[in-house]
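In my numbering, the protein residues as written are 7 to 674. Input: a single structure, listed below in structure tokens.
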Amino acid sequence: MSDSGWSEGLDESQLEAVTHGAGPLVVMAGAGTGKTRMLTARVARLLESRVPPERVMLLTFTRRAAAAMTSRAAAMCGDSRIGQRVWGGTFHAVAHRVVTEYAGVLGLSAVTLLDPEDVIALMDLLRAEHGLTGTGTRFPSSAKLAELFSRAVNTQRPAREVIGEEMPDFVHQSDEIIGLFRAFMARKRQQGLLDFDDLLLCWAQLLADPVIGAKLRRRWDWVLVDEYQDVNRAQVEIVTGLRPDGSGLTVVGDDAQAIYSFRGASGAHLGDVLDRHPEATLVRLQRNFRSVQPVLDLANVIRPGYGDSRLQLTADRASVRVGKPLLVHCEDADTEARMIADAVLDSQQNGLPLKEQAVLMRAGSHGRALEVELAVRNVPYVKYGGIRFVDTAHVRDLIAALRVVTNPRDELSWYRLLCLHRNLGRAYSRALTPMLLTADPDTNAVLASSPDKARTALAATLAHLATARSTEVAADRAAACLSAVRPLVRAHYTDWQARVEDVDRIAEAAGAHADLAAFIAELTLDPGSSSADYAKAPHKDEDYLTLSTVHSAKGLEWSSVHLIHAVDGAFPSDMAVSDDHGIEEEQRVFYVAITRARDTLSIYTPARLPVDWNGYRARQIHVKGSRFLTDEALETLDIQEQAAVLTAAAVDTGNARVSIPTLDHLFG
DNA sequence: CAAGTAATTGTTTTT
DNA sequence: CAATTACTTG
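Okay, structure coming up:
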């Protein structure tokens with residue numbers, strides 16, 4: 007064994023997984039048991055044994071995770087360059103690369119990727135075409151339709167069934183909805199558009215083809231998949247398509263952390279690999295290197311399958327004397343926010359950087375009151391899992407310009423750009439769009455067909471975009487797109503100042519990228535890192551607190567974790583409590599949240615919450631602590647009542663009378 | 001036909 | 001409350 011470092015600090019089970027040979031390998035790794043370290047070391051070992059990096063595929067949950075793992079693995083081998091040649095990323099990101107490469111085989115001249123917002127826009131368009139708007143009858147919103155369609159595809163269930171389950175209010179309109187879905191599929195096919203789900207389906211389809219599939223299989227010898235409990239059917243098909251006999255296949259996961267069933271994932275997929283390949287090696291990682299024992303004591307009670315001693319997590323860390331996690335009862339969301347801000351700043355005073363602390367929540371909206379409090383107190387923070395930066399209107403406007411430059415046949419982007427002009431509305435934009443879908447559009451004809459009032463602005467836009475298309479220099483292209491969009495954004499939004507700044511930033515980033523199409527794909531496929539990178543976030547070197555949904559916190563860890571809104575209705579979400587599957591999944595989400603904490607964990611249960619999570623209506627309702635905080639769970643917690651709120655002492659005012667200022671002198 | 005205004009409606013998690 | 005849709009006005 008060479009000493010380049012990959013084996014350092016690995017325990018026996020981890021080492022077994024790392025050094026395992028070519029047979030199928032299944033690693034069941036509990037939370038915090040060092041699976042990232044194990045995967046990194048396994049990749050490093052492969053690279054060191056002269057496996058060419060481009061023959062290794064590492065599929066992870068986020069692009070960031072793949073990048074971190076491959077670069078660390080490469081560093082262990084002493085060559086930081088080769089990490090970039092490993093095929094790493096999310097299923098969707100890699101699918102995009104593969105499908106782009108084989109676009110011709112699929113009958114596409116180029117891959118036009120529809121991001122979720124585009125899907126909604128297209129649904130909207132089709133709904134109007136089908137006369138399903140303005141008829142007085144209620145019909146699901148375009149966003150709901152897009153969600154429904156994706157769910158049917160992901161879970162491989164008939165749309166009719168999904169409608170009945172998810173939107174019983176609209177079952178009587180099932181025929182119209184399904185008709186719309188058929189039109190949606192037809193339009194996508196006709197124009198060669200692929201949405202996120204299509205990327206996976208196309209990759210699976212390529213693998214299923216006898217000729218292309220064989221070709222693809224020959225390209226990779228090693229396929230490693232992280233978070234396998236969160237893959238759906240299409241992803242299983244891809245993995246088995248890549249390694250049908252299981253050789254060179256490594257899958258890693260933890261069925262207790264399966265939290266994506268709404269996307270068609272199933273924790274059972276992990277065990278399925280063992281059924282499919284009886285000769286597979288199973289390695290269990292059980293020693294927890296992350297958290298202190300008191301945190302694990304709670305986690306073990308929350309974990310589904312409680313009682314099965316094989317699944318109990320045991321802390322490996324030298325046991326520092328630490329207390330139990332805290333359960334904090336508080337009055338309402340505002341008090342909760344104040345107490346968390348206090349606690350976070352207090353820890354910071356005691357030397358714990360903000361970057362070592364996080365606030366986790368079930369839904370992005372649960373952090374509203376806290377965000378206000380943090381802003382007031384000037385505590386820098388970054389939020390993951392809310393509205394994405396790339397989804398804001400003006401950012402999408404610029405992206406539309408970038409997209410029509412790389413692909414003039416992108417109808418939705420043209421339509422969006424046209425609508426941005428004053429005096430150009432839906433009707434004119436729809437009429438003009440077809441004239442622009444060629445490599446060399448007849449500008450004069452377009453201008454002649456547009457309203458007089460819009461002509462000057464439109465001419466300028468088209469000229470800038472033509473300039474952008476005429477150059478190959480990335481920076482010039484981006485600059486020309488910016489010139490096209492900047493005046494439109496300025497004229498279209500009343501609060502244009504901040505928006506123009508954002509647009510400038512994206513254009514700058516686009517200019518720094520040599521491959522514009524790849525930049526756009528990256529931006530749409532990996533919003534996780536891009537939102538934090540481009541948004542008006544604190545700079546990377548600055549210290550900041552993390553706010554995150556539990557889903558976005560998957561795989562991450564902090565020294566101190568605050569879990570907010572741990573009350574029934576919020577966590578578990580009241581959308582999920584109608585059936586056992588839903589509740590079980592919520593429990594796993596709860597488990598994931600708890601196991602993010604290394605040293606200290608505080609759970610907050612406000613007694614009252616607004617009826618609407620937006621908090622705009624003053625009305626609040628009393629809520630009960632989360633059902634997951636059972637008696638057994640409570641035994642592992644220290645309970646803290648909210649410090650008595652200071653109440654105003656009764657003041658003796660005597661006979662004093664004070665009049666309210668009238669300000670009459672201002673209005674005489 | 002576009003733009004402005006009034007009414008309505010929707011609420012989880014993400015690639 | 002914000003975002004979308006429906007209706008009115010120029």
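Every residue gets a Cβ at the ideal spot worked out from N, C-alpha and C, and that includes glycine. Because the structure is a prediction, the values reported are computed rather than measured.
What did DSSP end up calling residue i once you bin it into helix, strand or coil?
i      : result
GLU337 : strand
GLY110 : coil
THR653 : Because THR653 carries a pLDDT of 42, less than 50, the predicted location of this residue cannot be relied on, and the following value inherits that uncertainty. Coil at THR653, not helix or strand.
GLY247 : helix
TRP226 : coil
HIS571 : coil
GLN646 : strand
SER584 : coil
GLN235 : helix
ARG605 : For the sequence presented, residue 605 should be read as Asp rather than Arg. Three-state result, ASP605: strand.
ASN294 : strand
ILE265 : coil
MET173 : coil
ASP17  : coil
VAL595 : helix
ALA37  : coil
TRP12  : coil
VAL286 : Per the sequence shown, the amino acid found at residue 286 is Ala instead of Val. Three-state result, ALA286: coil.
ILE576 : Note that residue 576 is Ala in the sequence shown, not Ile. Correct three-state label for ALA576: strand.
THR398 : coil
ASP416 : coil
THR118 : strand
THR500 : coil
ASP278 : helix
THR320 : strand
Going by DSSP, name the residue or residues bridged to residue i.
i      : result
GLU60  : Paired residue(s): none; GLU60 is not in a bridge.
LYS389 : LEU553
LEU138 : Beta-bridge pairing links LEU138 to no other residue.
MET367 : THR555
HIS628 : ARG614
GLY94  : LEU64
GLY259 : MET34
TRP564 : ALA603
For residue i, which option in the options has the closest C-alpha, if you only look at C-alpha atoms?
i      : options                          : result
VAL279 : ARG383, TYR234 and LEU494        : TYR234
ARG290 : VAL258, ASN306 and ALA72         : VAL258
ARG166 : GLY631, ILE183 and ASN160        : ILE183
ASP227 : LEU206, ARG195, ALA80 and PRO250 : PRO250
PRO616 : ILE512, GLU14, ILE308 and ASP340 : ASP340
HIS276 : PHE295, VAL32, VAL382 and TYR499 : The question names His, but residue 276 is Leu in the sequence shown. The candidate whose alpha carbon is nearest that of LEU276 is VAL32.
PRO359 : ASP549, ARG432 and ASP236        : ASP549
ALA80  : VAL410, VAL49 and GLY588         : VAL49
ALA35  : ASP260, GLU243 and ASN294        : ASP260
Find out if the Cβ-Cβ distance for the pair residue i, residue j is shorter than 8 Å.
i      : j      : result
LEU453 : LEU471 : no
ARG91  : PRO59  : yes
GLY373 : HIS557 : no
SER632 : VAL583 : no
ALA437 : LEU423 : no
ILE265 : VAL595 : yes
LYS560 : VAL598 : yes
ARG69  : GLY95  : yes
LEU255 : PRO30  : yes
ASP17  : LEU120 : no
ASP403 : VAL495 : yes
ALA271 : VAL229 : no
Take residue i and list the residues in its own chain whose beta-carbon comes closer than 7 Å to its own, dropping the five residues that flank it on each side.
i      : result
GLY11  : MET82
PHE190 : LEU128, MET129, LEU132 and PHE155
SER297 : GLY38, ALA321, THR601, ALA603 and ARG604
ARG663 : none
ARG492 : VAL506 and VAL509
SER19  : VAL289, ARG290 and LEU291
Go through its chain and collect everything with a Cβ distance to residue i's Cβ below 6 Å, but skip five positions before and after it.
i      : result
ALA460 : HIS427, ASN429 and LEU430
ARG163 : none
LEU333 : ILE609, LEU643 and ILE645
LEU488 : ALA513
LEU652 : With a pLDDT of 42 at LEU652, under the threshold of 50, the modelled position of this residue cannot be trusted, and the question is left open.
Ignore the nearest five residues each way along the sequence and tell me which others in residue i's own chain have a CB closer than 8 Å to its CB.
i      : result
ALA71  : THR42, ASP232 and GLY561
ALA274 : ASP261
THR118 : GLN197, GLY198, LEU199, LEU200, ASN413, ARG415 and ASP416
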